[in-house]
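Encoded as structure tokens, the structure appears first; notes follow it.
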Amino acid sequence: MLDKHWLKDLYPGYFAMTMATGIISVALHLQNFHFLANVFFVLAIITWIIMTILYTWRLVKFPKTVFDNLLNPKVTFIFFTFVAATDISGVLLHQHGYGLLALICWVMAFVYW
């Protein structure tokens, strides 16, 4: 059973999962392992969407906690995993022919940077 504070205490580094999965997808694509690359592509995009929803929900529900994290030097740099995950999601979307979605990801990453 989930702790009642799971959303409030959600670790900001979970976007690293999207980063790693996306990087593996790009590498597999470059090595012509297209089926596996597509599997990792889907996993990366799904994790990015889920994590973005959860962190947006966290920001809306617990803004003080999020802003405290952003001001904490031990935690603030972990939020950059969102920027990197959004960039790699843009690369993956571009590879698969979703140019507009890729551009949206890249603009989001630039704004949050």
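Add 47 to a position in the sequence shown, counting from 1, and you land on the number used in the working numbering.
We put the beta carbon where it would ideally sit given N, CA and C, even for glycine.
Small disclaimer: the values here were computed from a predicted structure and weren't measured.
If you draw a straight line from the C-alpha of residue i to the C-alpha of residue j, how long is it?
i	j	result
Lys55	Thr128	18 Å
Leu147	Gln78	25 Å
Can you tell me whether residue i is buried or exposed? The criterion is at least 16 other CB atoms within 10 Å of its CB, across all chains shown.
i	result
Pro59	buried
Phe82	exposed
Ala74	exposed
Helix, strand or coil for residue i? Go by DSSP, reduced to three states.
i	result
Gly122	Note that residue 122 is Val in the sequence shown, not Gly. Reduced to three states, the DSSP call for Val122 is coil.
His143	coil
Asp56	coil
Query raised in the report: With a cut-off of 8 Å, do at least 3 Cβ pairs link the segment 125–141 to the segment 55–65?
Result: yes
Requested in this report: State whether the segment 103–112 contacts the segment 81–95, with contact taken as three or more CB pairs (one from each stretch) at a distance under 8 Å.
Outcome: no
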